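Peer 1:
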Ligand SMILES: Nc1nc2c(ncn2[C@@H]2O[C@H](COP(=O)(O)OP(=O)(O)OP(=O)(O)O)[C@@H](O)[C@H]2O)c(=O)[nH]1
Ligand SMILES: [Mg+2]
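In the working numbering, the protein residues as written are 755 to 1104.
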């Protein structure tokens, strides 16, 4: 079978299934990697529990799936970032516009220290535009320069060089005072996995030299790229942090694709996402799955998933809903903003 490296999580799940059949001892971190039979039993248990109490009042901070993904290459990357910091003049922190707080790695902020910094709010095409504006204002109030970016279309890229020059104005003035005109600028690009660091570098330098894929953990080492004769960019691997203090942070990162899908229970993750969508109903979600309000109100998420599977004709033998397939589809469609341009968190003062 052809190895489907790109595309949705379906391809990855297939690869995972093939791999796990042969090398199950290599995936011991996957505590949620249960057999289908076991899953069905547990889903049955959930059904009893959940239908006893409607879930539409549950907030995302309750019942979160335990998620932890901090492989060895992230520890090595942190060390590499620390040692390469002395080579750069500024740091561009790429965050996900759908998750402007949760997609900021607290460890990176500590590592970067006082280096001049700008924030690139990427994937704006997938986020709610009104929320994005509020977040830009929020960062401005924190004294941080934030730029809206969409590396798919290239929107917002024009503001990058100006912003870098702005945060380095004092340094540039000092160089110029010493007769060093057009001194080259070096910028390190950092951020969580899959946020679009390499895409940004390719887009802005008009090349395809940085490896890009629709999965987290693609870039594995620091690599320099030249933007023009005066600016060099350092691509780095995505880094998460060893433990999410608030498990809903890990879950939100998982919704957006920053966590390796294979370490999670995809079905449970999609149920949690449906819970969120039930509590924060938007018309695109309803329309996409041909749902009306009455079908989602007070409905347990697993029942909603079954309903969605049936509406999409995803059935297994006996006419039952293929919830496993539907779960993958719900996550894929959310990640591609087919369920609406949804920002999962807003600044506190909103
Ligand atoms: N819709 C949308 N997709 C984007 C955007 N930027 C990047 N992507 C997609 O996001 C996925 C990940 O992009 P990468 O550039 O590989 O992300 P990365 O941060 O370098 O990831 P790692 O190297 O794994 O840490 C790819 O499928 C990109 O096409 C954007 O602005 N909008
Ligand atoms: Mg990359």
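Note that beta-carbon positions come from the ideal geometry of N, C-alpha and C, so glycine has one too.
Predicted model, so just to flag it, every value in this text is computed and none were measured.
Taking C-alpha atoms, which residue in 1080, 1077, 1046, 1009 lies nearest to residue 821?
Peer 2: 1009
Peer 1: At what residue ranges does the segment 986-1023 contain a whole run of the beta strand (DSSP E), taking only runs of 3 or more?
Peer 2: none
Peer 1: With H, G and I counted as helix, E and B as strand and the rest as coil, what does DSSP make of residue 786?
Peer 2: Below a pLDDT of 50, predicted positions are generally treated as unreliable, and residue 786, at 37, falls in that range; the measurement from the model is reported next regardless. It is coil, neither helix nor strand.
Peer 1: Look at the alpha carbon of residue 872 and the alpha carbon of residue 861, and state the distance between them as a whole number of angstroms.
Peer 2: 16 Å
Peer 1: State the CB to CB distance for the pair residue 912 and residue 848, rounded to an integer number of angstroms; the pair is presumed to be in contact (CB under 8 Å).
Peer 2: At roughly 17 Å, the Cβ-Cβ gap does not stay under 8 Å, so residue 912 and residue 848 are not in contact.
Peer 1: Apart from the five residues on each side of it in sequence, which residues of its chain come closer than 8 Å, Cβ to Cβ, to residue 938?
Peer 2: Counting only Cβ-Cβ distances below 8 Å, and skipping sequence neighbours, we find 983, 984, 985, 986.
Peer 1: For residue 1089, which residues from the same chain have a beta carbon less than 7 Å from its beta carbon, with the 5 sequence-adjacent residues on both sides left out?
Peer 2: 1010, 1011
Peer 1: Please classify residue 928 as buried or exposed, where buried requires at least 16 other C-beta atoms within 10 Å of its C-beta.
Peer 2: With fewer than 16 other Cβ atoms within 10 Å, it is exposed.
Peer 1: For residue 977, which residues does DSSP report across the bridge?
Peer 2: 989
Peer 1: Is the closest heavy atom of ligand 2 to the C-beta of residue 850 under 7 Å?
Peer 2: no
Peer 1: Can you round the beta-carbon distance between residue 1105 and residue 989 to whole angstroms, since I take them to be within the 8 Å contact cut?
Peer 2: Because the chain is modelled from 755 through 1104, residue 1105 falls outside the range shown and cannot be assessed.
Peer 1: With a CB to CB cut of under 8 Å and the five nearest residues on each side skipped, what residues in its chain are close to residue 941?
Peer 2: 842, 843, 844, 845, 846, 918, 985, 986, 987, 988
Peer 1: Please list, in chain order, all residues of the same chain as residue 1096 whose beta carbon is under 6 Å from its beta carbon, the five residues on each side excluded.
Peer 2: none
Peer 1: If you draw a straight line from the C-alpha of residue 888 to the C-alpha of residue 903, how long is it?
Peer 2: 15 Å
Peer 1: Let me know if residue 924 comes out buried or exposed under the rule of 16 or more other beta-carbons within 10 Å of its beta-carbon.
Peer 2: exposed
Peer 1: Keeping to the same chain, check which residues put their C-beta closer than 8 Å to that of residue 865; ignore five residues upstream and five downstream.
Peer 2: 832, 835, 836, 839
Peer 1: Our contact map puts residue 828 next to residue 851 with C-beta atoms below 8 Å; I'd like the distance itself, whole angstroms only.
Peer 2: Rounded, the Cβ-Cβ distance is 23 Å, inconsistent with contact.
Peer 1: What residue does the beta strand (DSSP E) around residue 735 start on, and which one ends it?
Peer 2: Only positions 755 to 1104 of the chain appear in the structure, and residue 735 is not among them; the question remains open.
Peer 1: Within 10 Å of its beta-carbon, does residue 935 have 16 or more other beta-carbons around it, so buried, or fewer, so exposed?
Peer 2: exposed
Peer 1: Can you tell me which residues form a DSSP beta bridge with residue 899?
Peer 2: 872
Peer 1: Alpha carbons only, please: which of 970, 1072, 959 is nearest the one belonging to residue 978?
Peer 2: 959
Peer 1: Could you tell me which of 1013, 1005, 900 sits nearest to residue 707, measuring between CA atoms?
Peer 2: The first residue shown for the chain is 755 and the last is 1104, placing residue 707 beyond what the model contains.
Peer 1: Count the other CB atoms, across all protein chains shown, that sit within 10 Å of the CB of residue 957; report buried if there are 16 or more and exposed otherwise.
Peer 2: buried
Peer 1: Do residue 819 and residue 1022 come within 8 Å of each other at the CB atom, strictly closer than that value?
Peer 2: Residue 819 is positioned such that its CB atom lies closer than 8 Å to that of residue 1022.
Peer 1: Just the Cα atoms here: how many angstroms apart are residue 900 and residue 824?
Peer 2: 27 Å
Peer 1: What would DSSP say about residue 1059, mapped onto helix, strand or coil?
Peer 2: helix
Peer 1: According to DSSP, is residue 969 helix, strand or coil?
Peer 2: coil
Peer 1: Smallest Cα separation from residue 915: which of 965, 933, 980?
Peer 2: The shortest C-alpha separation from residue 915 is found at 980.
Peer 1: What does the alpha-carbon distance come out to for the pair residue 1081 and residue 926?
Peer 2: 52 Å
Peer 1: How would you label residue 997, buried or exposed, when you count the other beta carbons within 10 angstroms and need 16 or more for buried?
Peer 2: Exposed is the label assigned to residue 997, since fewer than 16 other Cβ atoms lie within 10 Å of its Cβ.
Peer 1: Measuring straight from C-alpha to C-alpha, what distance separates residue 1105 and residue 1042?
Peer 2: The first residue shown for the chain is 755 and the last is 1104, placing residue 1105 beyond what the model contains.
Peer 1: I need the DSSP call for residue 950, collapsed to helix, strand or coil.
Peer 2: Residue state, collapsed to three classes: coil.
Peer 1: With residue 1013 and residue 970 assumed to form a contact (beta carbons below 8 Å), what rounded beta-carbon distance in angstroms separates them?
Peer 2: 6 Å
Peer 1: For residue 952, does the count of other Cβ atoms within 10 angstroms reach 16, so buried, or fall short, so exposed?
Peer 2: buried
Peer 1: Under the rule that 16 or more other beta-carbon atoms within 10 Å means buried, what is residue 859, buried or exposed?
Peer 2: buried
Peer 1: Let's test the definition: count the other Cβ atoms within 10 Å of the Cβ of residue 1050 and tell me whether it reaches 16, buried, or not, exposed.
Peer 2: buried
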